[in-house]
Amino acid sequence: MDNYFEWKDNLKENMQEVANRTLEQIQENIVLSEVKNRHEGYGISAEHYIIMQKAFKSVKTDMDDFLKLLPVEDKNALNTVSSLYNSAIDMGVAAMEFAAQCKRILADLYDKEKSPLEQYIDEMESDKEDFEDVEEK
């Protein structure tokens, strides 16, 4: 896998590219089975949501610690800010892994899940196959 990608001015586009690369990296390290249905997709999403919640809790704890240091002038806040930085990076990693898994779910379920309109069209086409055209004499 090429570890270099072209940096864009739009941060969201860069994050989408990082999510794509993260999915590629996960697939290189682990053989992922195909997501069979939306229930399995929900399970995968829920698992990564919990990981994100834990990472956010760590950021929140570090922010609370930083707030406690504000009134105390002789305390050095560098350790707390360093911890906050590391927690934020960990949360970013968790977010990219979550986004990568969502990308996987989308890719696996794209052809399987049909909207009501698509289902109706399919039904109409199958109904047409059941009828024969009347021949003219």
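Taking the numbering used here, the leading residue of the sequence shown gets 224, the next gets one more, and so forth. The beta carbon of each residue, even a glycine, is placed where N, CA and C say it ideally should be.
> With distances taken from CA atoms, which of Gly-264, Ala-300 and Glu-296 is nearest Asp-287?
Replying inline: In this structure, Ala-300 is the residue among Gly-264, Ala-300 and Glu-296 with its C-alpha nearest to the C-alpha of Asp-287.
> How long is the line joining the alpha carbons of Asn-309 and Asn-302, rounded to whole angstroms?
Replying inline: A direct Cα-Cα distance of roughly 11 Å separates Asn-309 from Asn-302.
> In whole angstroms, what separates the C-alpha of Arg-261 from that of Lys-298?
Replying inline: Roughly 51 Å between the two C-alpha positions.
>> Measuring alpha carbon to alpha carbon, tell me which residue in Met-238, Asn-237, Asn-243 and Glu-346 is nearest Leu-329.
In response: Of the candidates Met-238, Asn-237, Asn-243 and Glu-346, the one whose C-alpha sits nearest the C-alpha of Leu-329 is Asn-243.
> Mind checking whether the beta-carbon of His-271 lies closer than 7 Å to any heavy atom of the ligand NAP?
Replying inline: Ligands in the displayed structure: none, and consequently the ligand NAP is not present.
> Which ranges would you report for the alpha helix (DSSP H) in the stretch 227-259 if only whole runs of at least 4 residues count?
Replying inline: Fully enclosed alpha helix (DSSP H) runs of 4 or longer: 234-252.
> Roughly how many angstroms lie between the CA atoms of Ser-305 and Leu-290, to the nearest whole one?
Replying inline: One C-alpha to the other measures close to 14 Å.
>> I'd like the list of long-range same chain contacts for Ile-274, defined as Cβ closer than 6 Å, with 5 residues on each side in sequence excluded.
In response: Taken in chain order, the residues that qualify are Ala-317.
> For Ile-312, which of Tyr-333, Val-295, Asp-285 and Leu-246 has the nearest alpha-carbon?
Replying inline: It is Asp-285.
> Among residues of its own chain, excluding the 5 on either side of Glu-320, which ones have a beta-carbon nearer than 8 Å to its beta-carbon?
Replying inline: Spatial neighbours of Glu-320 in its own chain (CB-CB distance under 8 Å, excluding positions within 5 residues in sequence) are listed in chain order as Thr-245, Ile-249, His-271 and Ile-274.
>> To the nearest angstrom, how far is the alpha carbon of Val-282 from that of Leu-340?
In response: Taking the Cα positions, Val-282 is about 44 Å away from Leu-340.
>> So, for Met-347: in the same chain, excluding its five sequence neighbours on each side, which residues have a beta-carbon less than 8 Å away from its beta-carbon?
In response: None.
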